[in-house]
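If you're matching positions, the sequence shown starts at 0 in numbering that gives the first Met the number 0 and goes up one per residue.
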Amino acid sequence: MVDLSMKLKENARNVMLVLAYDGGRYHGFQRQKNAISVQNILEQKLAVLFGHTIELAASGRTDTGVHAYGQVVNFFTIGTIPIDRVVKAINSLLPDDIVVQKAREMDMEFSARHSAKDKTYIYRVQQGELLDPFLRNYTWFVKKSLNIDLMNQALAMLVGEHDFSAFQAAGSAPMHPVRTIYRADCEKQNNEIIFTFWGNGFLYHMVRNIVGTIVNVGLEKTSIEKFREIFYSKDRKKAGATAPAQGLYLKEVNY
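Right under this line is the structure:
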């Protein structure tokens, strides 16, 4: 198998893939040395398909147990398989919990990570007297009824450009904490509450930390005024616990 290293032939192509995956049995998206990740599997199968080592760039990392409807990756290849055959061919090699939905050739400057303009995440909370065992790996079960009106009042504070330090994972790598959120709300759909977050970027664990804090508002353990104080304190220690990974989904990335 050919190793491209960092040198590509003049006829190299920049290929973008959009994929969905069930993150339940993977140690996140990012490549791991001593564990199985989505990137490990995808790069291995793409190498077989294209005939050389593949190194993916992704729109972002998802943690262990987190799912995706629309993760975006790109890679450079000198392989000759026509782009209209890539989806069918790669899906024939991948396990059933990773599915490539689209493949496109992009210009050489395109980067799944750096070219992204905004992303949408959703978070699913299951409500009811009893846990639905078939949803246990795809939602966070909260038995007590949540006050949606109060949660939406709190979520509305997040819309706009703000410092989200209060919801950044403790001990994470230093990042500029200012992000712009275009949408933050929740709605009830059957026995679930679906949270939607659309923004130009997200800090590590930001969505899960927001949901963990907002659920306390919905349980009426944290008042709207207290939530405002937490948000503007920029202090992660004052916010709620991190919501479980299995309820989080990367829904869409726009370019």
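Just so it is clear, CB atoms sit at the ideal spot from N, CA and C, and this is done for glycine as well. These numbers were taken from a predicted model, which means no experiment stands behind them.
Can you list, in chain order, the residues of its chain whose CB lies under 7 Å from that of VAL252, leaving out five sequence neighbours each side? SER58, GLY69, VAL71, ALA115, LYS118
| By how many angstroms is the C-alpha of VAL47 removed from the C-alpha of PHE75? | PHE75 and VAL47: Cα-Cα distance of roughly 14 Å.
Helix, strand or coil: how does DSSP classify LYS250 here? If DSSP states are grouped into helix, strand and coil, LYS250 belongs with the strands.
| request: Would you tell me roughly how many angstroms separate the C-alpha atoms of LEU129 and ARG112, rounded to the nearest one? | output: 40 Å
Q: Take the Cβ of ARG227 as the centre, count every other Cβ of all protein chains shown within 10 Å, and call the residue buried at 16 or more, exposed below.
A: exposed
Identify, in the order they occur along the chain, each residue of the same chain with its Cβ nearer than 7 Å to the Cβ of PHE163, setting aside the five sequence neighbours on each side.
These residues qualify, in order along the chain: PRO176, ARG178, LEU202, MET205.
Practice problem: Please name the residue or residues paired with GLU160 in a DSSP beta bridge. | Solution: THR179
Does the Cβ of MET107 have 16 or more other Cβ atoms within 10 Å, making it buried, or fewer, making it exposed? exposed
* Asked: What span of residues does the beta strand (DSSP E) with LEU18 cover, start to end?
  -> 12-20
Margin query: Residues in the same chain with beta-carbon distance under 8 Å from GLY159, minus the five sequence neighbours each way, listed in chain order, please.
Written below: THR179, ILE180
Nearest to PRO81 by CA position, among LEU157, LYS237, ARG103, is which residue? ARG103
Please classify ARG123 as buried or exposed, where buried requires at least 16 other C-beta atoms within 10 Å of its C-beta. With at least 16 other beta carbons inside 10 angstroms of its own, ARG123 counts as buried.
**OP:** Could you tell me the distance, in whole angstroms, from the CA atom of TYR20 to the CA atom of ALA67?
**Re:** 5 Å
inquiry  = Going by DSSP, what residue range makes up the beta strand (DSSP E) through THR76?
reply    = 66-76
Next on the checklist: Pairs of beta-carbons, one from the segment 209-228 and one from the segment 146-153, closer than 8 Å: are there three or more?
Outcome noted: yes
Problem - Which of helix, strand or coil DSSP assigns to GLY211 - result: Three-state result, GLY211: helix.
Do you know offhand how far PHE230's Cα is from VAL14's?
40 Å
Item to check | Close beta carbons around TRP197, own chain, < 6 Å, minus the five adjacent residues each side | outcome: THR119, TYR181, ARG182
*asked:* Is the beta carbon of VAL37 closer than 8 Å to that of PHE49?
replied: no
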